[in-house]
Amino acid sequence: MSKLTVVRHPLIDHKMAIIRDKKTNTKDFREAISEIGMLITYEISRDFKTKEKTIETPLIKTTVNVLKNNIVIVPILRAGMGMVDGIHRIIPQAKIGHLGLYRDQKTLEPHVYFNKLPLNISSATVLLVDPMLATGGTVSAAITILKEAGVRDIRYVGVVGCPEGVKKLKTTHPDVDIYLAALDEKLDENSYIVPGLGDCGDRMFGTK
Ligand code: URA
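Numbering follows numbering that gives the first Met the number 0, in which position 137 of the sequence shown is assigned residue number 136; successive positions increment by one, without gaps.
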């Protein structure tokens, strides 16, 4: 069964207060989303496997530990892009894939319009990134695409989730762990998370 972790930390709480506030400007919003991505990833990476490597310090040979698996960050366009910078700053060797999905207005089914994943992704640990876990439909479809590409170690990284989205992911992909900075109360009739922060993509890119 997938594990849900709501990462609690005073710095995350402080940055959550910034992004929830409707008065926060685009620049501060974008910076806080990116930094939350970094702080959550610090927690997610706690169980990443390491391997020993011999190097030379300026004084002697010694054994150090480095990450064992390749890491790939996969943002779901477009809001996922806002978290990539922060995550990449602490895992700079990570490769980055991109998935673009839109929801058909009639059927509400997610469709892929862009899919560019790194070669050899199947053996990597993949951090699938999308700040808002609302209905869970898009994230669930993205996980299916990653599994079809052969990926076995997938962790979903979001900022705000709600019980509906968590339930959907736990049902469709019980093997994928969920990491959030906050679990909110519910979805409203327009599928916005409440209390939430509004449209994350619009607030991040200043499109409204
Ligand atoms: N996507 C958003 O940007 N905000 C929500 O509240 C739900 C989905």
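Quick reminder that beta carbons are idealized off the backbone N, C-alpha and C, glycines included.
Residue j beta carbon less than 9 Å from that of residue i
i: residue 91; j: residue 82; result: no
i: residue 191; j: residue 198; result: yes
i: residue 152; j: residue 134; result: no
i: residue 165; j: residue 186; result: no
i: residue 72; j: residue 158; result: no
i: residue 69; j: residue 114; result: no
i: residue 102; j: residue 204; result: no
i: residue 5; j: residue 182; result: yes
i: residue 31; j: residue 23; result: yes
i: residue 148; j: residue 121; result: yes
i: residue 95; j: residue 37; result: no
Near the ligand MG: residue i beta-carbon under 8 Å from a heavy atom
i: residue 200; result: Ligands displayed in this structure: the ligand URA; the ligand MG is not among them.
Residue span of the beta strand (DSSP E) that contains residue i, given as start and end
i: residue 145; result: Counting along the chain, residue 145 falls outside any beta strand (DSSP E), though it belongs to the alpha helix (DSSP H) covering 136-147.
i: residue 54; result: 49-55
i: residue 178; result: 176-179
i: residue 221; result: With the chain represented from 0 up to 207, any question about residue 221 goes unanswered, as that position is not in the structure.
Below-9 Å beta-carbon distance, residue i vs any chain B residue
i: residue 135; result: Of the chains in the structure shown, none is chain B; there is only one protein chain.
Which of helix, strand or coil DSSP assigns to residue i
i: residue 116; result: coil
i: residue 158; result: coil
i: residue 168; result: helix
i: residue 16; result: helix
i: residue 151; result: coil
i: residue 205; result: coil
i: residue 6; result: coil
i: residue 102; result: strand
i: residue 75; result: strand
i: residue 198; result: coil
i: residue 11; result: helix
Cβ separation of residue i and residue j, assumed to be a contact under 8 Å, to the nearest whole Å
i: residue 144; j: residue 98; result: 6 Å
i: residue 160; j: residue 128; result: No, residue 160 and residue 128 are not in contact; Cβ-Cβ is about 13 Å, not under 8 Å.
i: residue 168; j: residue 139; result: 6 Å
i: residue 43; j: residue 126; result: 7 Å
i: residue 176; j: residue 154; result: 5 Å
Residue range of the alpha helix (DSSP H) that includes residue i
i: residue 38; result: 25-43
i: residue 86; result: 80-89
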